[in-house]
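Visitor:
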Amino acid sequence: MDMRAVTIDAFGQMPDVRQIDVPADVPAGRILVRVHAAGVNPIDSLIARGLFTPFPVTFPLTLGLDFAGVVDRAGDAANRYAEGDRVCGRAVGTFADYVLVAENETVSPIPESIGFAEAAALPSAGMTALTSVEAAGIAGGSRVLIVGAAGGVGSFAVQFARRRGGYVIATAREEDAAYVKTLGANETVDYTRDDAMFPQDLDALLDFASGAPALVALSGRVRKGGAVVSTRYVADVDTLAKRDIRAINIKNQPTAELMRRVTEAVANGEVAVPEIHTYPLEQAAEVLARFERGQHVRGKLVLLP
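As structure tokens, then:
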């Protein structure tokens with residue numbers, strides 16, 4: 001049986017939707033998931049261009065890391081999930097009609113209250129945000145600046161930080177200010193303005209967007225004993241340590257437990273799913289190009305196979 005998949009034959013190639021074979025046999029310990037929705041993240045663009053490869057790559061490479069769908073078949077020794085179960089998580093090659101997933105890795109049941117598009121928005125962004133907030137040690141009364149607050153990771157981070165009692169100052173364009181406030185931001189700073197007033201004496205800086213020069217400037221507003229978190233891996237650990245500031249470069253290490261905590265937080269109403277924009281699978285190349293152009297994205301982009 002054939003399925004559609006968004007693939008590349010070389011780094012930097014324009015992604016193309018092709019017909020490829022669905023695995024006839026599901027390997028032991030794995031499940032074959034019929035993908036109903038696939039979340040799109042900036043890392044997908046980096047992988048397609050060969051700028052970041054967090055796993056061994058062979059071509060043709062099917063793109064995509066986040067998925068939500070229904071178990072179609074289970075291999076031998078797969079006993080956590082059965083045919084018909086609704087699941088979401090992370091795996092390689094999710095921009096397709098089907099994806100093979102190791103059931104003991106980053107997979108979580110989808111609560112009945114969460115739809116497929118919403119579930120596909122959770123894995124990478126939700127787990128990164130939760131990891132970042134916890135690494136920063138945000139607690140009651142912490143003054144937190146979140147850079148990139150309107151994006152996928154930032155949308156979750158604002159909420160997780162508020163859940164832990166943080167006072168959240170979020171960077172956001174004027175048109176996004178109301179959005180991040182609905183997520184719980186106490187204040188917003190329009191970073192596009194020349195006279196943007198960033199706060200001082202911060203307990204934590206969570207930066208999901210800046211390169212090294214901008215992060216250095218913002219780090220100067222963090223108090224002694226505070227924390228600087230970067231998902232761009234540009235926080236200078238040694239330099240900040242001299243100021244008694246913890247620098248944390250987040251290397252996302254997704255787990256089933258972390259995935260479960262994110263889905264449960266959404267199912268329990270503690271955290272809302274970010275604003276979602278959906279596109280058909282055939283528009284994958286166009287959607288990825290938004291990240292390549294550095295185009296502003298509010299909330300999460302999701303493909304619907």
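Per the working numbering, residue 1 is the first one in the sequence shown, and the count goes up by one each step. The beta carbon of each residue, even a glycine, is placed where N, CA and C say it ideally should be.
Does PRO254 pass the burial test, meaning 16 or more other C-beta atoms within 10 Å, or should it be called exposed?
Guide: By the neighbour-count rule (16 or more Cβ atoms within 10 Å), PRO254 is buried.
Visitor: Based on DSSP bridge pairs, tell me the residues matched to HIS277.
Guide: Answer is LEU301.
Visitor: Would the beta-carbon of LEU205 fall within 8 Å of that of VAL228?
Guide: Contact: yes.
Visitor: How far does the alpha helix (DSSP H) with TYR179 in it reach, from first residue to last?
Guide: Run containing TYR179: 177–182, per the alpha helix (DSSP H) assignment.
Visitor: Find out if the Cβ-Cβ distance for the pair THR62, THR7 is shorter than 8 Å.
Guide: In contact: THR62 and THR7 (Cβ atoms closer than 8 Å).
Visitor: Give me, in chain order, the residues of the same chain whose beta-carbon lies closer than 7 Å to that of ILE138; leave out the 5 immediate sequence neighbours on both sides.
Guide: Taken in chain order, the residues that qualify are VAL144, ALA161, ARG164, GLY166, ALA204.
Visitor: Say whether the segment 32–46 touches the segment 64–77, bearing in mind that this needs 3 or more beta-carbon pairs closer than 8 Å, one atom from each stretch.
Guide: Output reads yes: the segment 64–77 touches the segment 32–46.
Visitor: Could you compute how far the alpha carbon of ASP201 sits from the alpha carbon of ARG221?
Guide: Answer to the nearest angstrom: the Cα atoms are 6 Å apart.
Visitor: Ignore the nearest five residues each way along the sequence and tell me which others in GLU344's own chain have a CB closer than 7 Å to its CB.
Guide: Outside the displayed span of the chain (1 to 305) sits residue 344, for which this structure offers no information.
Visitor: What's the C-alpha gap between GLY140 and ALA149?
Guide: Taking the straight line joining both Cα atoms gives about 20 Å.
Visitor: Would you identify the three-state DSSP class for PRO199, choosing helix, strand or coil?
Guide: Note: PRO199 maps to coil in three-state DSSP.
Visitor: What do you get for ARG113, buried or exposed, if any count of 16 or more other CB atoms within 10 angstroms of its CB means buried?
Guide: Here residue 113 turns out to be Ser, not Arg, going by the sequence shown. It counts as exposed.
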